[in-house]
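Some notes on the structure that comes next.
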Amino acid sequence: MKPPTSPQVYKPKPLFYLYTLLFLLATLWLVSEAWRRQAWVWWLMAVGVGFIALRMTLGAFARAEFDGETFVYRTPGRGAHRVTRRQLARVEMGGRRHEALIIEYYPLDDQGLVDTAHTRFINCVPLEDQAALMERLLQAMDGVR
Numbered sequence: 006m007k008p009p010t011s012p013q014v015y016k017p018k019p020l021f022y023l024y025t026l027l028f029l030l031a032t033l034w035l036v037s038e039a040w041r042r043q044a045w046v047w048w049l050m051a052v053g054v055g056f057i058a059l060r061m062t063l064g065a066f067a068r069a070e071f072d073g074e075t076f077v078y079r080t081p082g083r084g085a086h087r088v089t090r091r092q093l094a095r096v097e098m099g100g101r102r103h104e105a106l107i108i109e110y111y112p113l114d115d116q117g118l119v120d121t122a123h124t125r126f127i128n129c130v131p132l133e134d135q136a137a138l139m140e141r142l143l144q145a146m147d148g149v150r
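If you're matching positions, the sequence shown starts at 6 in the numbering used here and goes up one per residue.
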């Protein structure tokens, strides 16, 4: 087992920032239309699109780090997910138009042991250089098995 290196940081792709901006603009437009028309269906659409815009805005501040031993994924309001390579169960790309990493891992129990009876997931936003990150994670998994 080689020692961990300094963590490489992965940020969301620039296109994700553009989509976030478009959803924020759409929310503002829908709110203005709802205010002008005073119809509940417009308010419903504004709230729905606003919720998506809020989630995307939080995702725009997400950061992933991997040093060869520990994967850390941070998003505002959710804290950090820390997963060591021995906890990794599966790493794959998901999505249709814009692929993003999906990381399945085994949580730790009360004694700090890997609980292989349960799994959890981290759904990352589309990250820059995520194919290389996926390859590094898969190599880390192979080193454990």
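Glycine residues also receive a C-beta, built at the ideal position from the N, C-alpha and C atoms.
Just so it is clear, the structure is predicted and the values come from calculations on it, not from any experiment.
* What number of angstroms, rounded off, separates the C-alpha of Ala39 from the C-alpha of Trp48? -> Within the model, the alpha-carbon separation for Ala39 versus Trp48 is close to 5 Å.
* Asked: Around the Cβ of Gly64, are there at least 16 other Cβ atoms within 10 angstroms (buried) or fewer (exposed)?
  -> Around the beta carbon of Gly64, 16 or more other beta carbons lie within 10 angstroms, which makes this residue buried.
* Could you tell me which residues DSSP puts in a beta bridge with Thr89? => In the DSSP secondary-structure assignment, Thr89 is bridged to Thr75.
* State the DSSP-derived secondary structure class of Pro112, mapped to helix, strand or coil. => DSSP, read as helix, strand or coil, puts Pro112 in coil.
* Asked: In whole angstroms, what is the alpha-carbon distance linking Ala58 and Glu109?
  -> Between Ala58 and Glu109, the C-alpha separation is close to 26 Å.
* Assuming Ala69 contacts Leu132 (C-beta within less than 8 Å), just tell me the rounded distance between them. => About 6 Å separates the two Cβ atoms, so the contact holds.
* Below 8 Å on the Cβ atoms is my guess for Pro17 versus Val130; work out the distance and round it to an integer in Å. => That belief holds up - the Cβ atoms of Pro17 and Val130 are roughly 5 Å apart, short of 8 Å.
* To do: Quick one: grab the DSSP three-state call for Gly99.
  => Three-state DSSP puts Gly99 in a strand.
* **CB of Leu23 within 8 Å of CB of Val96, strictly** => No.
* To do: Consult DSSP for Gln13 and reduce its assignment to one of helix, strand or coil.
  => It is a strand residue.
* What residue range is occupied by the uninterrupted alpha helix (DSSP H) comprising Phe21? -> Taken as a continuous stretch (DSSP letters only), the alpha helix (DSSP H) holding Phe21 covers Pro19 to Arg42.
* Asked: Does the Cβ of Val14 have 16 or more other Cβ atoms within 10 Å, making it buried, or fewer, making it exposed?
  -> By the 10 Å Cβ count, Val14 comes out exposed.
* **Integer-rounded CB distance, given that Leu106 should sit under 8 Å from Gln144** => The Cβ separation is near 15 Å, so there is no contact.
* To do: Please name the residue in Arg91, Leu35 and Thr121 whose C-alpha comes closest to that of Thr75.
  => Thr75 has its Cα closest to that of Arg91, out of Arg91, Leu35 and Thr121.
* **Assigned secondary structure, Glu140 (DSSP; H/G/I helix, E/B strand, else coil)** => If DSSP states are grouped into helix, strand and coil, Glu140 belongs with the helices.
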